[in-house]
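**Q** The listed protein sequences derive, respectively, from chains A and B. The opening residue of the first sequence carries number 0 in numbering that gives the first Met the number 0; numbering runs sequentially from there. The opening residue of the second sequence carries number 0 in numbering that gives the first Met the number 0; numbering runs sequentially from there. Where a beta carbon is used, it is the ideal one built from N, C-alpha and C, also for glycine. Please find one structure pasted underneath; my questions will follow.
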Amino acid sequence: MTRALIVLVTLVLAAAAPCQRADQRTAKVGARARIEQLVLPGPELAARPISDTTKDPIVLRVLATWPHGVADDGTEMHRYDLEWVGLEPGEFDLASWLVLKSGADVAGLPTIGVTVESVLGWDDIEPNEPADGSLPELGGYRSLLFGLGLLWALFGVAAFVWIARRRGDSGDQAGDAARPRSLADRLRPRVEAALRGELGGSERAELERLLLGHWRQRLGLSDVPAAAALAALRAHPEAGALLRALEQWLHSPEGAADADVEALLRPYRDVRDEGQE
Amino acid sequence: MTSIESPAESPQFAETEAFLQAIRDRVGQVVVGQDVVVERVLIALLTGGHLLLQGVPGLAKTLLVAAVSKTVHLEFARIQFTIDLLPSDILGSEILDQRSHEFRTRKGPIFTNLLLADEINRAAPKVQSALLEAMQERKVTIGNETFRLPAPFLVIATQNPVEQAGTFELPEAQLDRFMLLHRLRYLEPRQEKEVLRRNAQLGIRRDESGGAVARTEFDVLEQEPVGGPEDLARAMEQVQQVHVSDTFLEHVVEIVDRTRRHPQLELGASPRAGISLLKAARARALIRGRNYVVPEDLFDLAEDVILHRIRPSYEALAEGRSGLQILEEILAEVSAS
């Protein structure tokens with residue numbers, strides 16, 4: 000008895016199933032809708048390809064197609080499952096978005112009317128009320144940037160003034176010591192110290208370099224490369240004699256003891272720069 | 000006065016001076032107008048430093064080195080550096096003896112007294128570094144065995160400054176291994192005329208089979224040496240006896256220090272530059288017949304010793320300043336301060 004009841008219910012449901020096919024002729028903008036088991040006369044149809052250039056208000060897709068026999072007048076028929084999406088509110092005929100499989104337009108289709116509805120009214124352009132939030136920062140982003148920039152500039156100016164003052168102080172303290180001295184000014188004390196026998200190793204080297212510089216300046220060899228200038232000095236009768244004597248005194252292992260430093264350096268005691276002579 | 004003292008007994012330089020002068024005269028018979036280069040080669044020989052010659056082809060670099068080696072009776076080898084050269088082509092390798100089934104060491108051309116590394120910048124960096132490592136350590140490891148290079152051992156390398164395509168420029172660290180980098184210049188017209196005159200008189204040489212071949216400068220090199228390795232060793236010892244005053248050391252330190260402090264130099268002279276300057280100055284003094292160094296030695300050698308060890312900053316290069324200009328500026332300051 001029970002088994003017979005189950006079989007009966009199953010048969011009833013199976014018979015009722017075709018009756019539950021979707022037939023959504025009205026949908027909201029952007030929402031998908033389906034029309035299933037739609038029978039249309041003529042050869043098999045397809046959805047019109049979506050164009051990139053034209054902004055179609057409807058997007059139609061053919062989900063499935065079945066042959067549906069022949070009409071009384073001999074015309075073949077097909078059954079379709081369609082899915083469509085409306086992009087603009089209004090009433091449209093889906094038949095306009097169907098074409099032959101070959102891509103050619105088809106004529107004589109019955110109207111497949113659908114309605115696309117908008118959630119908002121056509122003249123409803125008022126935005127929603129903003130949600131409650133925290134208070135904006137004081138002055139906003141631009142004011143914040145301006146404030147930081149001002150602070151940076153003030154700090155920079157203060158730092159610049161502070162550094163300049165420090166340099167000024169140290170410059171004052173250095174005084175005359177920082178002022179460049181002429182070759183003659185530097186040579187005289189070294190000659191005096193040498194005559195007193197008070198020159199150390201580095202001071203002897205400095206004395207020799209100063210004397211070389213003095214003669215380069217005196218013979219106009221300041222712009223000549225050092226090696227060439229030295230060769231020219233050695234070839235000069237007066238400078239050459241001095242250089243050889245100086246080398247004998249400062250560099251020769253035998254000459255350090257018996258060099259007549261007094262006679263060698265006497266001419267340079269009161270030496271003046273070329274412009275002062 | 001603190002200084003590098005010479006021995007109590009003053010060295011007798013006359014014999015050595017005559018030996019060095021004989022080398023210069025003999026080389027001068029075949030190489031014209033390269034007195035400075037000959038002096039630099041002698042300085043390198045006497046100090047055991049290595050020499051890099053930079054100059055365009057055709058300035059008698061090979062002839063010069065061959066002449067020096069024959070004059071002092073030294074073994075001479077020449078390697079033409081190319082891109083496909085391998086380290087084993089220079090140093091040597093182990094080869095399997097098919098008869099004894101044992102590895103046998105085949106020493107490379109580096110095992111000589113005087114090695115001419117022609118166009119060193121054409122070889123790949125691994126070959127350059129293999130040579131430069133051997134130059135510094137004066138020994139070579141082949142397989143598991145280490146061999147000492149003969150003494151004296153001197154590398155004279157050349158590089159061409161104009162054809163830079165396909166070359167591998169030696170970095171500063173590698174250049175620092177060369178005691179001297181001398182830039183060869185073209186001859187003066189008078190010297191060039193002498194070269195042509197001598198070349199025109201070379202004539203033809205006939206061999207045993209009766210064939211004739213044009214004689215070259217290499218054919219006129221006299222085979223009899225003016226001295227041997229013993230004379231050279233004595234000269235090298237006497238270089239060590241050349242007196243260096245404390246004042247001279249001050250000059251060296253001043254120049255080296257100024258290259259490190261100069262605002263337009265990105266890289267100053269290394270301590271090795273100061274050592275090389277001192278060594279080279281002592282050798283130059285001996286060649287010039289002095290038993291003490293003078294500032295002239297320093298200023299004459301500064302370009303060859305220091306210029307390849309310094310690097311101008313980008314700002315200086317952008318201003319069109321060269322390393323030579325900056326060095327000249329430093330030397331001018333030192334000789335007038």
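By a C-beta neighbour count over all protein chains shown, 10 Å radius and 16 as the cutoff for buried, is V225/B buried or exposed?
**A** Buried, since its Cβ has 16 or more Cβ neighbours within 10 Å.
**Q** So, helix, strand or coil for L90/B, using DSSP?
**A** Of the three classes helix, strand and coil, the one that applies to L90/B here is helix, per DSSP.
**Q** Near R189/A, which residues of its chain fall below 8 angstroms by C-beta distance, leaving aside the five closest residues on each side in sequence?
**A** A distance below 8 angstroms between beta-carbons, with the five flanking residues on each side excluded, links R189/A to the following residues of its chain, in chain order: L198, E202, E205, L206, L209.
**Q** Where does the unbroken beta strand (DSSP E) through A63/A begin, and where does it stop?
**A** 57 to 69
**Q** Which residues in the same chain as R233/A place their Cβ atom closer than 7 angstroms to its Cβ, once the five residues preceding and following it in sequence are excluded?
**A** G239, L242
**Q** Helix or strand or just coil, what does DSSP make of I162/A?
**A** helix
**Q** Starting from the beta carbon of P188/A, find every residue of chain B whose beta carbon is closer than 9 angstroms, and list them in chain order.
**A** What P188/A touches in chain B, judged by beta-carbon distance under 9 angstroms, is nothing: the nearest beta carbon there is about 14 angstroms away.
**Q** Is the Cβ-Cβ distance between I254/B and V304/B less than 7 angstroms?
**A** no
**Q** When you compare the CB positions of L59/A and W96/A, do they come within less than 7 angstroms of one another, or not?
**A** yes
**Q** So that I know if they touch, is there some Cβ in chain B lying closer than 7 angstroms to that of R217/A?
**A** no
**Q** Going residue by residue through the region 119 to 205 of chain B, where are the continuous alpha helix (DSSP H) segments of at least 4 residues, counting only ones entirely within it?
**A** You should have 124 to 136, 171 to 174, 188 to 199.
**Q** Are the CB atoms of A225/A and A331/B within a distance shorter than 7 angstroms?
**A** yes
**Q** May I have a chain-ordered list of the alpha helix (DSSP H) segments no shorter than 4 residues that lie completely inside the region 67 to 149 of chain A?
**A** none
**Q** Taking 6 angstroms as the cut-off, is the C-beta of Q216/A nearer than that to any heavy atom in the ligand NAP?
**A** Among the ligands in the structure shown, none appear at all, so the ligand NAP cannot be discussed.
**Q** In the structure shown, what three-state DSSP assignment does T258/B receive?
**A** helix
**Q** Under DSSP, the beta strand (DSSP E) around L264/B begins and ends at which residues?
**A** 264 to 266
**Q** Mind checking which residues open and close the beta strand (DSSP E) that includes L58/B?
**A** In the DSSP assignment, L58/B falls outside any beta strand (DSSP E) and carries neither an H nor an E.
**Q** How many Å lie between G142/B and T104/B at the Cα?
**A** 8 angstroms
**Q** Where does N120/B land, buried or exposed, given buried means 16+ other C-beta within 10 angstroms?
**A** For N120/B, the number of other beta carbons within 10 angstroms of its own is at least 16, and it is reported as buried.
**Q** Determine the chain B residues that contact S201/A at a beta-carbon separation under 8 angstroms, and present them in chain order.
**A** From the beta-carbon of S201/A, the residues of chain B found nearer than 8 angstroms are E249.
**Q** Can you pull the chain B neighbours of L229/A, defined as C-beta to C-beta under 8 angstroms?
**A** P294, E295, F298, D299, S334
**Q** Hey, out of H213/A, L220/A, A193/A, G29/A, whose CA is closest to V260/A's CA?
**A** A193/A
**Q** Output yes if chain A places a C-beta closer than 7 angstroms to the C-beta of T15/B; else output no.
**A** no
**Q** So what's T70/B in DSSP terms, helix, strand or just coil?
**A** helix
**Q** Round the Cβ separation of F146/B and K106/B to the nearest angstrom and send it over; I've been treating them as touching at under 8 angstroms.
**A** 7 angstroms
**Q** Where do the ends of the alpha helix (DSSP H) carrying F217/B lie?
**A** In the DSSP assignment, F217/B falls outside any alpha helix (DSSP H) and carries neither an H nor an E.
**Q** Rounded to whole angstroms, how far is the Cβ of L266/B from the Cβ of E171/B, which I believe are closer than 8 angstroms?
**A** Between L266/B and E171/B a beta carbon distance of about 6 angstroms is seen, short of the 8 angstroms cut, so the two are scored as contacting.
**Q** Let me know the secondary structure DSSP gives E35/A once reduced to three states.
**A** strand
**Q** What does DSSP give as the partner residues of I78/B in its beta bridges?
**A** A116/B
**Q** Where does the unbroken beta strand (DSSP E) through V212/B begin, and where does it stop?
**A** 211 to 213
**Q** Name the one or two DSSP bridge partners that T25/A has.
**A** T114/A
**Q** Please determine if the region 272 to 279 of chain B and the region 175 to 188 of chain B are in contact, where contact requires at least 3 C-beta pairs separated by less than 8 angstroms.
**A** Judged by Cβ distances under 8 angstroms, the region 272 to 279 of chain B makes contact with the region 175 to 188 of chain B, as three or more pairs qualify.
**Q** Taking the DSSP output, what are the residues bridged to T15/B?
**A** For T15/B, which the question treats as bridged, DSSP gives no partner whatsoever.
**Q** Taking 7 angstroms as the threshold (beta carbon to beta carbon), is Q275/A in contact with chain B?
**A** Unreliable positioning characterises Q275/A in this predicted model, as indicated by a pLDDT of 44, which lies under 50. A coordinate reading is not provided.
**Q** So which of I42/B, V219/B, Y185/B has the shortest CA-CA distance to A199/B?
**A** V219/B
**Q** Measuring only the C-alpha atoms, how far is E4/B from S244/B?
**A** Per-residue confidence for E4/B stands at a pLDDT of 42, beneath the threshold of 50, marking its modelled position as unreliable; no derived number is given.
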